[in-house]
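What follows is a short report on a single structure.
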Amino acid sequence: MKGFDLFVKLVVFAAIVILLGLLGYAVFGNKVFSKSSPLIGHEAPEFTLELFSGDKLRLSDLRGKAVLLNFWASWCMPCRDEASALEASWKRYKDKPVVFVGIDVWDDKDGALAYIKQFGGGYMNGIDPKGEIAVDYGVGGVPETYFINTSGKIVDKYTGPLTEEMIDQFLGKALSSLPLSGLTKEGG
Amino acid sequence: MIIKVRIGMVFYIMASVAFILGLLISNSIADDIDKETREISYLLMCPVCEGQTVAESNSQLAKQMRTIIREKLQEGKSKDEIIAYFVSRYGEAILGAPPAKGVNWILWTLPALSLLVGGLIIGLFLYKLKEDREKSKKESRKPPTQFEPEYIEKLNKELREFES
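Residue numbers (the working numbering), protein chains in the order written: chain A, 28 to 215; chain B, 96 to 259.
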């Protein structure tokens, strides 16, 4: 009976360990939406964005240039943290084959315009009123930034506020298909 | 004149019937789309809410996702195509239940396996308990084969005293 008791105890202990492990996997394992994207390595979904300037921007018109696609909202505090880095980077990359595009999501137009006035954003910015572009890119929060290479493929996704160094790193990768002479940064 | 009136009435009745039928059919299609939208929404997790499906969440993203599901159904997309679309954008984490493949098989088989192993352990334990009880019962019924000499002596002494 003693040996049997030990066996039962071991089995119960092993079962508890396995169950806790599986529970941990179920809770933390594949439920992280933001760390990666199934779109990486694939063609960036096409969209037409209504710019605040009144113009319309089609992603396919930017082919041949690297694109930094930043999803933001005026109520989002981490977006404010990265605003200055985005603005400064945009100024540095202005003359390079790089386009910065801001997409305002889950927001109202007035709030967004006030945000742009306060925090900058000289680059192209528009609103996605129905959230169609956001869902098409698998956006699960703001700020979220996608980096599209010159061939129109998504090479990286970053969730959270970006710094200038990070932008340089991601854009370096997005531009890597271009000749090195086109990659020299100003003031970097 | 009477014929014209009759023809007019027939057309009027036919148009009314067609209108009512059209209304009924469109309502039924709308009901089907509503039902399917709800069904699909329950299968997808809301990416910005903890533990809530797209159907349960009131977040703006969940609302927009429900609208997108409805629009895709209206375009004629099937349930599987819509789910595949969301998986292609958000990954398998968007699914309420993990697909039964790879490591996920463990998750699908574990409940049944736990019941089986648990049942087996309880069964073995009860069997062992029953066996031990029967063994101890049998042993208690058996006449003692050998007594300690001091007890025999004590018993003989008491018997002698009783007889005398």
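Backbone N, C-alpha and C define an ideal beta-carbon position, used for all residues, glycine too.
All of these numbers come straight from a predicted model, not from anything done at the bench.
Is residue i near the ligand FMN, going by C-beta to nearest heavy atom under 6 Å?
i              : result
S259 (chain B) : The ligand FMN is absent from the structure shown, which contains no ligands of any kind.
Can you name the start and end residues of the beta strand (DSSP E) that residue i belongs to?
i              : result
D183 (chain A) : 181-186
E171 (chain A) : 171-175
F98 (chain A)  : 93-99
F127 (chain A) : 125-131
N152 (chain A) : 151-154
E77 (chain A)  : 75-78
Could you say which of the options lies nearest to residue i if we only look at CA atoms?
i              : options                        : result
M202 (chain A) : A:F174, A:Y185, A:L189, A:P188 : Per the sequence presented here, residue 202 (chain A) reads as Leu, with Met not at that position. It is A:F174 whose Cα lies nearest to the Cα of L202 (chain A).
M140 (chain B) : B:K158, B:M104, B:V212         : B:K158
F74 (chain A)  : A:Y164, A:A110, A:D137, A:W117 : A:Y164
I181 (chain A) : A:A115, A:S101, A:L96, A:F40   : A:L96
F98 (chain A)  : A:V162, A:V38, A:T190, A:L33   : A:V162
D108 (chain A) : A:L198, A:T190, A:K200         : A:T190
Y120 (chain A) : A:W133, A:G149, A:G187, A:A141 : A:G149
Y185 (chain A) : A:S178, A:L140, A:L84, A:E171  : A:E171
L215 (chain B) : A:S87, A:L33, A:V38            : A:V38
I43 (chain A)  : B:E258, B:S259, B:R236, B:P206 : B:P206
A115 (chain A) : A:M104, A:F127, A:P105         : A:F127
C106 (chain A) : A:A93, A:D88, A:G129           : A:G129
L190 (chain B) : B:F106, B:Y137, B:K252         : B:Y137
N152 (chain A) : A:D122, A:C103, A:D82, A:K123  : A:D82
K118 (chain A) : A:F34, A:D195, A:K200          : A:D195
D122 (chain A) : A:L140, A:A93, A:W102          : A:A93
C103 (chain A) : A:L76, A:V132, A:S64           : A:V132
S63 (chain A)  : A:F34, A:G168, A:N176, A:S178  : A:G168
Roughly how many angstroms lie between the CA atoms of residue i and residue j, to the nearest whole one?
i              : j              : result
F60 (chain A)  : D175 (chain B) : Confidence is the limiting factor: at F60 (chain A) the pLDDT is only 45, short of 50, which leaves the residue's position unreliable, though a coordinate-based value still follows. Rounded to whole angstroms, F60 (chain A) to D175 (chain B) spans 21 Å at the Cα level.
K58 (chain A)  : D155 (chain A) : Confidence is the limiting factor: at K58 (chain A) the pLDDT is only 48, short of 50, which leaves the residue's position unreliable, though a coordinate-based value still follows. Those two C-alpha atoms are separated by around 26 Å.
G214 (chain A) : E192 (chain A) : Here G214 (chain A) scores only 34 on pLDDT, less than 50, and its place in the model is too uncertain to base an answer on.
Q155 (chain B) : L66 (chain A)  : 22 Å
L50 (chain A)  : A100 (chain A) : 34 Å
L198 (chain A) : R90 (chain A)  : 15 Å
D129 (chain B) : L78 (chain A)  : 33 Å
G213 (chain B) : D135 (chain A) : 56 Å
L118 (chain B) : I108 (chain B) : 15 Å
S111 (chain A) : P188 (chain A) : 10 Å
K167 (chain B) : L84 (chain A)  : 24 Å
L46 (chain A)  : T162 (chain B) : 38 Å
I217 (chain B) : S209 (chain B) : 12 Å
I185 (chain B) : I178 (chain B) : Position check: residue 185 (chain B) holds Tyr in this sequence, whereas Ile was assumed. C-alpha separation (whole angstroms): 10 Å.
R133 (chain B) : C144 (chain B) : 18 Å
S183 (chain B) : I143 (chain A) : 32 Å
A41 (chain A)  : F31 (chain A)  : 15 Å
P142 (chain B) : K223 (chain B) : 51 Å
P193 (chain B) : E187 (chain B) : 7 Å
Could you work out which residues of chain A lie near residue i, taking near to mean beta carbons separated by less than 7 Å?
i              : result
F220 (chain B) : V35
S136 (chain B) : What S136 (chain B) touches in chain A: nothing, since even the nearest Cβ is about 13 Å away.
I216 (chain B) : V35, V38
Alpha helix (DSSP H) containing residue i: first to last residue?
i              : result
K144 (chain A) : 136-146
L84 (chain A)  : Where L84 (chain A) is concerned, there is no enclosing alpha helix (DSSP H), although the beta strand (DSSP E) it sits in stretches over 83-85.
E170 (chain B) : No alpha helix (DSSP H) contains E170 (chain B), which DSSP labels as neither H nor E.
V149 (chain B) : From DSSP, V149 (chain B) is part of no alpha helix (DSSP H); its letter is neither H nor E.
S154 (chain B) : No alpha helix (DSSP H) holds S154 (chain B); DSSP gives it neither H nor E.
F257 (chain B) : 244-258
R184 (chain B) : 174-185
Run through chain B and tell me which residues come within less than 8 Å of residue i, C-beta to C-beta.
i              : result
E159 (chain A) : Q159, I163
Given that residue i touches chain A, what residues does it touch there, using C-beta distances under 9 Å?
i              : result
V212 (chain B) : V38, A42
Just the chain B side, please: which residues come within less than 7 Å of residue i by C-beta, in chain order?
i              : result
V162 (chain A) : Q159, M160, I163, R184
For residue i, return the contacting residues in chain A, with the cut-off set at a CB-CB distance below 8 Å.
i              : result
S209 (chain B) : A42, L46
Task: Residues, ordered as in the chain, of the stretch 149-165 of chain B that lie near chain A by beta-carbon distance below 9 Å - done: S154, Q155, L156, K158, Q159, M160, T162, I163
Task: chain B contacts from the stretch 181-198 of chain A (Cβ-Cβ distance under 8 Å) - done: none
TODO: Pull out every residue of the stretch 72-89 of chain A whose Cβ sits closer than 9 Å to any Cβ of chain B, in chain order.
DONE: P72
- [ ] Would you list, in chain order, the members of the stretch 101-119 of chain A that have their beta-carbon closer than 7 Å to a beta-carbon of chain B?
- [x] none
Open item on the list: Residues of the stretch 122-148 of chain A in Cβ contact with chain B at a cutoff of 7 Å, in chain order, please.
Closed with: W133
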